[in-house]
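Novice:
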Amino acid sequence: WVKRSFWQRKPNFDYIASQHKKIYFSLSNVSTELFDLDDQESEGTQKIFALAAPLVDTLKYGKVLIIDEFEARLHPLISRAIVELFNSRETNPNNAQLIFMTHDTNLLSNKLFRRDQIWFTEKNKFGSTDLYSLAEYKVRNDASFESDYIKGRYGAIPYLGDLSQIIESNA
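When you read off a place in the sequence shown, starting at 1, and then add 26, the result is the number in the numbering used here.
1) Please report the Cβ distance between R141 and L157, rounded to the nearest whole angstrom; I am assuming they are in contact, meaning their Cβ atoms lie under 8 Å.
2) On the three-state DSSP scale, how would you describe E69?
3) Spatial neighbours of S135 within its chain, please: C-beta separation below 7 Å, excluding the five flanking residues on both sides.
4) Applying the 10 Å Cβ sphere with the 16-neighbour rule, what's the burial state of A107?
5) Under 8 Å, do F146 and G181 count as touching if we go by C-beta distance?
6) Taking 8 Å as the threshold (C-beta atoms), are L91 and T117 in contact?
7) Could you tell me how far apart the beta carbons of K137 and R99 are, in whole angstroms, since I believe they sit closer than 8 Å?
8) Does DSSP put K149 in a helix, a strand or coil?
9) Excluding the 5 residues preceding and the 5 following E97 in the sequence, name in chain order all residues of the same chain whose CB lies nearer than 8 Å to its CB.
10) Could you please give the first and the last residue of the uninterrupted alpha helix (DSSP H) stretch that includes I125?
11) Comparing alpha-carbon positions, which option in K151, N167, L111 and V56 lies nearest V82?
12) For F126 versus I93, is the C-beta distance shorter than 8 Å?
13) Can you tell which of E95, G88 and P102 has its C-alpha closest to the C-alpha of N113?
14) Compare the C-alpha of E162 against each of T155, I144 and I192 and name the closest.
15) Identify the residues that DSSP records as bridge partners of S195: which are they?
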């Protein structure tokens with residue numbers, strides 16, 4: 027949706043390209059080549075370009091940015107760096123907020139978030155979704171949010187059942 031909304035604004039340019047160095051085996055002939063953003067760049071690079079303007083706008087004006095599947099097509103270090111932009115008083119002087127949904131457990135860190143900033147969703151027995159905060163749990167200051175989550179301490183773990191049995195019975 028970010029990419030779609032970006033292009034719907036009808037920017038003042040017709041073409042976006044990135045410039046890459048082209049190095050030959052001899053290392054003596056170095057040239058540059060333009061890559062078309064949509065056709066030749068990775069989906070991760072395309073996503074960074076699509077997010078750049080909304081991120082800058084949100085941080086500059088103290089807005090709220092909501093992103094579903096935040097980690098999709100992004101390297102984990104890039105996802106973390108974006109979160110850190112919002113956590114820094116230097117890069118976020120206007121208290122902008124980033125609200126995102128993710129499956130990347132690497133971001134479940136007490137170095138990145140307070141307990142009240144982490145929320146989980148879980149389907150209940152009626153099929154509706156419950157939303158609850160990590161602040162509802164007693165958690166030690168040195169706890170690993172990620173490890174405890176994977177162990178099921180906070181719930182919100184998908185029910186997988188016996189996948190091998192499902193595959194074998196359908197084979």
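For every residue, glycine included, the Cβ atom is placed at its ideal position computed from N, Cα and C.
Specialist: Straight from the coordinates:
1) As a first step, residue 141 is located in the sequence shown; it is residue number 115 there, counting from the start. As a first step, residue 157 is located in the sequence shown; it is residue number 131 there, counting from the start. Between L157 and R141 the Cβ distance is about 15 Å, and since that is not below 8 Å, they are no contact.
2) Taking the sequence shown and counting its residues from 1, the one referred to as residue 69 is at position 43. Here E69 sits in helix by DSSP.
3) Along the sequence shown, read from residue 1 onward, the residue named residue 135 stands at position 109. Excluding sequence neighbours, S135 sits near F171 and E172.
4) Looking up residue 107 in the sequence shown gives position 81. Burial call: exposed.
5) Taking the first residue of the sequence shown as position 1, residue 146 is located at position 120. Taking the first residue of the sequence shown as position 1, residue 181 is located at position 155. The answer is yes: Cβ separation under 8 Å.
6) Residue numbering aside, residue 117 sits at position 91 when the sequence shown is read from its first letter. Residue numbering aside, residue 91 sits at position 65 when the sequence shown is read from its first letter. Their beta carbons are not under 8 Å apart, which means T117 does not touch L91 by this criterion.
7) By 1-based counting over the sequence shown, the position of residue 137 is 111. By 1-based counting over the sequence shown, the position of residue 99 is 73. With 8 Å as the limit, K137 and R99 do not qualify as a contact, their Cβ atoms being about 24 Å apart.
8) In the sequence shown, counting from the first residue as 1, residue 149 sits at position 123. DSSP places K149 in strand when its eight states are reduced to three.
9) Locating residue 97 in the sequence shown gives position 71, counting from the first residue. Closer than 8 Å at the Cβ level, and outside the excluded window around E97, lie S105, T128, H129, D130 and L133.
10) Counting from 1 along the sequence shown, the entry for residue 125 is found at position 99. For I125, there is no enclosing alpha helix (DSSP H); the enclosing beta strand (DSSP E) covers residues Q123 to F126.
11) As a first step, residue 82 is located in the sequence shown; it is residue number 56 there, counting from the start. If we check each option's Cα against that of V82, L111 comes out closest.
12) Looking up residue 126 in the sequence shown gives position 100. Looking up residue 93 in the sequence shown gives position 67. Yes, these two residues count as a Cβ contact at 8 Å.
13) Mapped onto the sequence shown, residue 113 falls at position 87. Selected option, being the one with the closest Cα: G88.
14) The count along the sequence shown starts at 1 and reaches residue 162 at position 136. Ranking T155, I144 and I192 by Cα distance to E162 puts I144 first.
15) To locate residue 195, count along the sequence shown from 1; it is residue 169. None, per the DSSP bridge assignment.
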